[in-house]
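Chains A and B supply the protein sequences, listed in that same order.
Using our numbering, count along the first sequence one by one with no gaps and you end on 260.
Using our numbering, count along the second sequence one by one with no gaps and you end on 441.
Cβ atoms here follow ideal geometry from the backbone N, Cα and C, with glycine treated the same way.
Nothing here was measured: the structure is a model prediction, and the numbers come from that model.
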Amino acid sequence: MRALWLAQGEFNPPGAGDFNLPPIFAGVTKPMVLIVLSVIIIAVFFLAATSRMKVVPGKFQFFAESVYDFGRNNIAREQIGSKDFMPFVPLILSLFTFVLVNNIFGIIPIIQFPTMSHIGFPLALSVLIVYPLYHTVGFRRHGFVGYLKHALFPPGAPKLVYLLLVPIEIFQKFIMNPITLAVRVFAAMFAGHLILLLFTLAGEYLLIEAGGAFNIGVSFVSFAFAIAMTFLEALIQVIQAYIFALLAANYIGQALASDH
Amino acid sequence: MLNTVVLAAEEPSPVLPHVSEIILGLVAFGLLLFVLWKFAVPRFEAAYKERSEKIEGGIKRAEQAQADAEKALQEYKAQLADARAESARIRDDARLEAEQIKEELRVQAQEEAARIVAQGQAQLEAQRSQIVAELRADLGRTAVELASRIVGESLEDEARRSGTVDRFLDELDSVSAPAKN
């Protein structure tokens with residue numbers, strides 16, 4: 001598809017349309033395949049790592065334990081508190097590894113597509129899983145009125161300020177939180193993938209189509225940027241996965257918190 | 261190819277989600293969550309529990325061993341003190357006994373010596389008496405014989421003769437007695 005455009009001698013910058021890949025077969029698209037692949041990869045990884053757990057771990061088990069500990073201790077326990085975090089460990093671990101693998105797909109050769117750049121997937125996680133979950137555990141912990149008071153009336157503010165504060169809290173906790181949670185990772189993956197596309201395609205166009213020594217020289221700069229941006233993307237992909245799991249745990253922790 | 265370009269251009273904005281992707285994402289994530297919840301997390305937690313138990317068990321065993329060693333040391337020390345006291349006691353007893361035995365032996369030896377001395381004296385006394393008696397008889401006979409030879413006459417009168425001899429012996433005794441004493 002791209003080659004065809006280039007053959008026409010005009011540079012078409014990549015855009016939102018490049019994220020809508022044609023179906024591979026019968027309406028199944030690449031992100032759909034990738035999302036299933038990610039589930040298989042993570043499930044097989046953890047099942048294989050935990051099939052024969054040893055007290056003294058080998059390298060593979062140690063690596064799996066590091067990932068598990070990161071989700072368990074650094075995210076879930078830090079954000080939810082050591083009293084309540086255990087039931088949420090599977091969820092937080094799943095969120096972290098699921099988003100992480102699907103993000104990393106963006107820089108794996110041949111795959112090269114971050115699944116989370118299709119907003120449907122992060123929305124499914126945040127709006128349909130994290131959002132109902134943290135409000136449910138909040139209502140369960142504090143009771144209906146208790147949780148509303150807990151969520152909407154942060155303590156320590158003068159009474160008049162609540163006139164402003166309560167609408168803001170409602171807007172934030174019941175409307176914006178799930179959307180921003182999804183949009184954050186979606187936008188980062190979308191933008192990152194677009195930048196990689198742009199530098200790569202521009203470099204290719206300058207090298208092959210545009211001609212001229214100057215353009216060929218600039219094309220190498222473009223490729224160099226593509227490579228540099230790939231490293232940056234790797235960092236962003238991991239950070240976004242971490243932030244997604246961290247914020248999910250944070251929302252749960254806030255809903256459960258009893259200190260105010 | 262052109263079809264896909266046209267199709268892509270007709271696609272809705274990227275911020276509008278595909279329903280199919282939401283459903284697939286939900287199902288896929290649900291599956292993953294199920295697997296991790298049912299298998300991975302319990303296995304990790306079980307392994308952690310086992311590990312911490314092993315470590316705690318090891319620490320407990322070490323503490324037990326240390327306590328045992330301490331106890332044994334105390335016992336040995338007590339036994340050693342007992343043994344020292346016992347040996348001192350035995351030594352004192354032995355010393356006392358030795359003194360006693362030495363004293364007994366000394367007394368016994370003294371008694372034996374006294375006995376031997378007394379026996380010797382008695383024997384000497386008896387021998388002396390015997391010798392004196394024998395000498396007295398010999399001396400009488402020899403003196404009579406010598407006297408009869410010198411004088412040349414037979415002293416017929418028995419009574420007179422024996423009276424003379426007895427007188428002579430008495431004299432001799434009286435002479436020898438102061439010398440003996």
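- Going by DSSP, aspartate 69 (chain A) is part of the alpha helix (DSSP H) stretching over 59–69.
- Here valine 28 (chain A) carries a strand assignment [DSSP, helix/strand/coil].
- Note on geometry: alpha-carbon atoms of proline 158 (chain A) and leucine 164 (chain A) lie some 11 Å from one another.
- CA-to-CA, the gap between proline 167 (chain A) and isoleucine 75 (chain A) works out to about 29 Å.
- In the DSSP assignment, leucine 206 (chain A) falls outside any alpha helix (DSSP H) and carries neither an H nor an E.
- The stretch 137–157 of chain A makes no contact with the stretch 195–206 of chain A, as fewer than three CB pairs between them are under 8 Å.
- Taking CB atoms only, phenylalanine 98 (chain A) has a neighbour in chain B less than 8 Å away.
- Close partners of alanine 322 (chain B) in chain A (Cβ separation under 9 Å) are lacking, with about 17 Å as the shortest Cβ gap.
- 8 Å or more divides the Cβ of proline 23 (chain A) from the Cβ of leucine 194 (chain A).
- What glutamate 65 (chain A) touches in chain B, judged by beta-carbon distance under 9 Å, is Phe304, Ala307 and Tyr308, going in chain order.
- Rounded to whole angstroms, the gap between the alpha carbons of alanine 188 (chain A) and isoleucine 108 (chain A) is 17 Å.
- With contact defined as three or more Cβ pairs closer than 8 Å, the stretch 111–118 of chain A and the stretch 30–41 of chain A are in contact.
- Beyond the five residues adjoining it in sequence on each side, aspartate 84 (chain A) comes within less than 7 Å, by CB distance, of Leu256 in the same chain, given in chain order.
- Contact between leucine 286 (chain B) and alanine 124 (chain A) is confirmed by a C-beta separation of about 4 Å, below the 8 Å threshold.
- Below 8 Å, enough C-beta pairs join the stretch 37–55 of chain A and the stretch 281–301 of chain B to call them touching: three or more.
- At least one beta carbon of chain B lies nearer than 8 Å to the beta carbon of proline 90 (chain A).
- Look at the stretch 277–294 of chain B: the residues with a C-beta under 7 Å from a C-beta of chain A are Pro277, His278, Glu281, Ile282, Leu284, Gly285, Leu286, Ala288, Phe289, Leu291, Leu292 and Leu293.
- Contact with chain A is found for arginine 311 (chain B), since one of that chain's Cβ atoms lies less than 8 Å from the residue's Cβ.
- For the pair alanine 374 (chain B) and alanine 354 (chain B), the Cα-to-Cα distance works out to about 30 Å.
- By the neighbour-count criterion, in which 16 or more other beta carbons inside 10 Å mark a residue as buried, lysine 173 (chain A) falls on the buried side.
- Of all residues in the stretch 324–346 of chain B, none places a beta-carbon less than 9 Å from a beta-carbon of chain A.
- The way I'd put it, the stretch 315–330 of chain B doesn't touch the stretch 64–75 of chain A; fewer than three beta-carbon pairs between them come closer than 8 Å.
- Scanning its chain for C-beta atoms nearer than 8 Å, with the 5 sequence neighbours on each side dropped, one finds around serine 38 (chain A) the residues Phe98, Val101, Asn102, Phe105 and Thr115, in chain order.
- The Cβ neighbour count for valine 301 (chain B), taken over all protein chains shown within 10 Å, is at least 16; the residue is labelled buried.
- Nearest CB-CB separation between alanine 348 (chain B) and chain A: not below the 8 Å threshold.
- Distances from the CA of glycine 138 (chain A) to each of A:Ala224, A:Gly253, A:Lys54 and A:Asp18 were compared; the closest alpha carbon is that of A:Gly253.
- Residue contact check for proline 31 (chain A) against chain B: a CB pair falls below 8 Å.
- Look at serine 82 (chain A) here: in three-state DSSP terms it is coil, with no helix or strand label.
- In this structure, isoleucine 129 (chain A) sits near phenylalanine 289 (chain B), with a CB-CB distance shorter than 8 Å.
- Listed in chain order, the non-local C-beta contacts of valine 28 (chain A) below 7 Å within the same chain number zero, local neighbours out to five positions each way being set aside.
- Contact with chain B is absent for methionine 229 (chain A), since none of that chain's Cβ atoms lies less than 8 Å from the residue's Cβ.
- In the structure shown, the three-state DSSP call for glutamine 254 (chain A) is helix.
- Counting only Cβ-Cβ distances below 7 Å, tyrosine 68 (chain A) has contacts in chain B at Phe304, in chain order.
- Residues are counted here when their Cβ sits less than 9 Å from a Cβ of chain B; for the stretch 119–134 of chain A these are Ile119, Gly120, Phe121, Pro122, Leu123, Ala124, Leu125, Val127, Leu128 and Ile129, given in chain order.
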